[in-house]
Amino acid sequence: MKPQRIIIAGGTGFLGEILTRHFRDQDHQVIILTRGESKAKQGVEYVHWDGQSLGDWVNYLKGADALINLSGKSVDCRYTTKNRRRIYDSRLNSTRALGLAMLKMEKPPKTWINATSGTIYRHAEDRPMTEADGELGEGFSVDVCQKWERMFFGFELPLVRKAALRTTIVLGNEGGAFVPLKTMARLGAGGKHGNGEQMFSWIHAFDFCRAVQFVVENNELEGVFNVAAPEQVQNHTMMRMLRSALDVPFGIPSPKWLLEIGAMIIGTETELLLKSRWVKPERLEQAGFQWEFPALEKAFADLLAKPMFAVETKLGTV
Ligand SMILES: NC(=O)c1ccc[n+]([C@@H]2O[C@H](COP(=O)([O-])OP(=O)(O)OC[C@H]3O[C@@H](n4cnc5c(N)ncnc54)[C@H](OP(=O)(O)O)[C@@H]3O)[C@@H](O)[C@H]2O)c1
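In this note's numbering, the protein residues as written are 1 to 318.
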């Protein structure tokens with residue numbers, strides 16, 4: 001593949017960092033839109049934007065091969081009125097600003113990939129949710145995703161191919177859910193969460209990067225895509241596999257009431273652990289995407305054997 005110019009909005013977070021490294025290591029040019037300062041670092045250009053209004057940053061989009069939007073306030077917080085507003089605004093305003101920027105552009109980016117989430121589907125313990133026949137859920141997080149996708153697909157951009165990624169929990173050593181999960185399991189608190197029956201939908205960080213690249217490279221792919229591994233397991237199985245990979249002989253289970261108290265103390269929500277997400281990546285499968293880590297046991301073994309990138313990140317050397 002010839003070198004591409006790839007813009008990543010919100011590229012300073014967990015997924016942005018691993019994607020940046022993934023593309024940069026293949027000699028693609030990566031430009032990050034950030035609310036932080038403009039600078040150049042380790043071959044990556046950081047361009048300031050405010051995540052909501054048009055500015056000089058628009059010029060960087062012109063003629064780009066791909067625009068990937070990952071902007072959004074972290075959902076790892078209490079869903080207070082203020083935080084709910086920030087969660088909506090950070091996703092909707094950034095998506096709107098990018099869409100508006102491209103509306104009158106003669107040469108907009110060829111592809112626009114926008115983040116959304118696998119949590120858009122209902123609590124599912126009975127059957128997997130595919131893009132074609134998955135049922136959408138209800139409640140705050142689902143509403144965020146629906147409005148986010150509506151904003152994204154609402155822009156009519158005939159020259160731009162659009163794909164919304166309904167990504168499930170990305171497992172990586174650089175951030176996200178895996179870091180606290182393995183810490184808790186090492187401390188002996190690696191039992192099931194709630195009744196443990198809920199499905200755990202996940203994807204290895206390396207496969208997340210490869211799936212994004214797959215969508216960038218395949219010109220016929222557009223619309224929504226579930227970004228998950230093909231093998232999904234229940235929470236109690238996931239925790240058993242994690243204990244086994246960590247060689248921790250026992251794991252105290254966390255009943256729902258205990259999780260509620262814990263979540264309040266550390267400022268998060270139990271939905272992140274208790275909602276049953278059963279997300280099947282049917283469209284990626286049909287398109288011929290090959291997972292490096294289709295099964296969770298292999299993914300855990302890999303993540304615990306070596307960090308994905310043994311180099312310096314803003315989180316330190318991993
Ligand atoms: N991690 C997962 O497992 C997962 C799964 C499904 C979906 N997602 C979605 O994928 C996206 C990226 O996830 P992530 O884990 O990389 O998140 P993250 O680490 O929290 O990074 C998100 C980035 O968004 C930018 N941002 C934060 N607040 C913003 C605001 N008010 N306006 C504009 N930009 C803002 C920040 O960049 P600057 O501070 O540089 O501006 C931040 O680095 C998120 O939208 C998330 O909901 C993640």
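Glycine residues also receive a C-beta, built at the ideal position from the N, C-alpha and C atoms.
Item	Value
Are the beta-carbon atoms belonging to His236 and Lys192 less than 8 Å from one another?	yes
I need the DSSP call for Val30, collapsed to helix, strand or coil.	strand
Can you name the start and end residues of the alpha helix (DSSP H) that Ala164 belongs to?	Segment Arg161 to Thr167 is the beta strand (DSSP E) holding Ala164; no alpha helix (DSSP H) there.
Ligand 1 and Leu15: does any heavy atom of the ligand fall closer than 7 Å to the residue's C-beta?	yes
So Ala66 is in the alpha helix (DSSP H); what residue range does that whole segment cover?	Not the alpha helix (DSSP H): Ala66 falls in the beta strand (DSSP E), residues Ala66 to Asn69.
Going by the beta-carbon positions, is the gap between Ala101 and Trp278 smaller than 8 Å?	no
Consult DSSP for Val212 and reduce its assignment to one of helix, strand or coil.	helix
Mapping DSSP to helix, strand and coil, what is Val318?	Annotation note: pLDDT 33 at Val318 (below 50); position unreliable, coordinate value reported separately. Val318 falls in the coil class under three-state DSSP.
When DSSP labels each residue in this structure, what does Thr313 get in the three-state scheme?	Bear in mind that a pLDDT of 42 at Thr313, under 50, signals an unreliable position, so the model cannot answer this.
If you draw a straight line from the C-alpha of Ala205 to the C-alpha of Thr20, how long is it?	12 Å
Apply the 10 Å Cβ neighbour rule to Ser53 and answer buried if 16 or more other Cβ atoms are within range, or exposed otherwise.	exposed
For the segment 64-118, which segments carrying the alpha helix (DSSP H) assignment without a break, of at least 4 residues, lie completely within its bounds, in sequence order?	81-103
Could you round the C-beta distance between Ala228 and Thr168 to whole angstroms and report it? I think they count as a contact, below 8 Å.	4 Å
How would you label Glu149, buried or exposed, when you count the other beta carbons within 10 angstroms and need 16 or more for buried?	buried
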